[in-house]
Amino acid sequence: MTTATKINLLEQFSLFDALTESEKKRLADAMEFRKKARYSVIYQPGEASEHIYLLCKGAIKISTHSSEGKEVIKQLIHPEAIFGELALVGEKTRNETAQSLKEEVHFYTIRIADFQQILAQNTTVSQQLLQLFGQRMMAAENKLENLIFKDARSRIVNFLYEVVQKRGRQVGYEMLLKHSLTHQDIANITCTSRQTVTLVLNELRKENLIYFNRGRILVRDMENLKASAA
Numbered sequence: 001m002t003t004a005t006k007i008n009l010l011e012q013f014s015l016f017d018a019l020t021e022s023e024k025k026r027l028a029d030a031m032e033f034r035k036k037a038r039y040s041v042i043y044q045p046g047e048a049s050e051h052i053y054l055l056c057k058g059a060i061k062i063s064t065h066s067s068e069g070k071e072v073i074k075q076l077i078h079p080e081a082i083f084g085e086l087a088l089v090g091e092k093t094r095n096e097t098a099q100s101l102k103e104e105v106h107f108y109t110i111r112i113a114d115f116q117q118i119l120a121q122n123t124t125v126s127q128q129l130l131q132l133f134g135q136r137m138m139a140a141e142n143k144l145e146n147l148i149f150k151d152a153r154s155r156i157v158n159f160l161y162e163v164v165q166k167r168g169r170q171v172g173y174e175m176l177l178k179h180s181l182t183h184q185d186i187a188n189i190t191c192t193s194r195q196t197v198t199l200v201l202n203e204l205r206k207e208n209l210i211y212f213n214r215g216r217i218l219v220r221d222m223e224n225l226k227a228s229a230a
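Residues 1 to 230 in UniProt numbering are what the sequence shown lists, from first letter to last.
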């Protein structure tokens with residue numbers, strides 16, 4: 001990849017809007033391209049936290065495992081977002097697993113030392129990174145509240161509503177989401193079971209709130225879907 005191509009990619013990430021042209025070039029020179037097949041592990045617990053990652057194609061799940069071996073998906077990463085950012089705030093070894101979903105992923109790596117040099121010189125980017133940390137922390141707190149106060153159906157419906165609102169596109173009066181999630185993935189995100197996810201999705205289809213097939217979810221009416229979680 002040429003430096004110009006890397007700079008064009010950086011300009012697609014809102015986090016880097018405040019970079020000067022010289023800073024973009026320095027960061028581009030520090031970026032290394034990687035691609036991984038579907039279901040590949042990018043990093044896992046115990047590995048050194050030496051890089052941050054810029055995702056440009058595919059989807060990544062960030063997860064942990066309980067003492068019983070059950071996977072809990074903490075976060076989904078989509079193109080034009082970074083991951084592995086905890087290395088910037090003192091994480092020495094990874095505590096989570098980053099893994100591609102059911103399609104090949106393309107991403108760039110940047111050494112932490114190189115990225116920290118940019119942050120030291122550009123306070124605006126540092127502030128935007130703090131906002132990102134805050135947003136992800138709030139999302140984690142909301143997920144914990146949902147786990148404590150909401151039942152399984154409500155958690156699944158809330159997840160569908162939020163992901164379609166963020167990632168879906170409008171088709172007439174409906175919203176269409178193309179995704180790479182299995183029913184087990186949704187269960188691991190919502191702390192439910194695959195059987196419960198299948199049951200709830202079928203119920204929502206019978207209620208004419210959604211239609212779904214492999215890799216697609218069509219929401220008939222977003223407000224009615226949201227209300228069904230109450």
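Glycine residues also receive a C-beta, built at the ideal position from the N, C-alpha and C atoms.
According to the neighbour-count rule (16 or more other Cβ atoms, all chains shown, within 10 Å of its Cβ), is residue i buried or exposed?
| i | result |
| --- | --- |
| Y43 | buried |
| T124 | exposed |
| R94 | buried |
| I156 | buried |
| N142 | exposed |
| E85 | buried |
| T190 | buried |
| S228 | buried |
| Y39 | exposed |
| M137 | exposed |
| V89 | exposed |
| V105 | buried |
| K61 | buried |
Run through DSSP, which three-state label would residue i get?
| i | result |
| --- | --- |
| L19 | coil |
| E50 | coil |
| S193 | coil |
| K57 | strand |
| Q75 | strand |
| R94 | coil |
| E85 | helix |
| E32 | strand |
| T3 | helix |
| S63 | strand |
I'd like the list of long-range same chain contacts for residue i, defined as Cβ closer than 6 Å, with 5 residues on each side in sequence excluded.
| i | result |
| --- | --- |
| V41 | Q99 |
| T64 | V72 and E96 |
| I7 | K24 and A28 |
| I186 | V197 |
| V200 | R153 and I156 |
May I ask which residues mark the beginning and end of the beta strand (DSSP E) holding residue i?
| i | result |
| --- | --- |
| H106 | V105 to R111 |
| S100 | T97 to S100 |
| Y39 | Counting along the chain, Y39 falls outside any beta strand (DSSP E), and DSSP gives it neither H nor E. |
Run the proximity test for residue i: is its beta-carbon closer than 7 Å to any non-hydrogen atom belonging to the ligand ADP?
| i | result |
| --- | --- |
| M31 | In terms of ligand content, the structure shown is empty, and the ligand ADP therefore cannot be addressed. |
Identify, in the order they occur along the chain, each residue of the same chain with its Cβ nearer than 8 Å to the Cβ of residue i, setting aside the five sequence neighbours on each side.
| i | result |
| --- | --- |
| V163 | L76, L177 and H179 |
| L144 | none |
| E80 | Q12, F13, S14, L55 and C56 |
| M222 | Y161, V164, Q165 and M175 |
Ignore the nearest five residues each way along the sequence and tell me which others in residue i's own chain have a CB closer than 7 Å to its CB.
| i | result |
| --- | --- |
| N208 | R220 |
Practice prompt. Scan the UniProt domain "HTH crp-type" (150 to 223) and note each continuous beta strand (DSSP E) run of 3 residues or more that stays entirely inside, going in chain order.
Written response: 169 to 171, 174 to 178, 210 to 213 and 216 to 219
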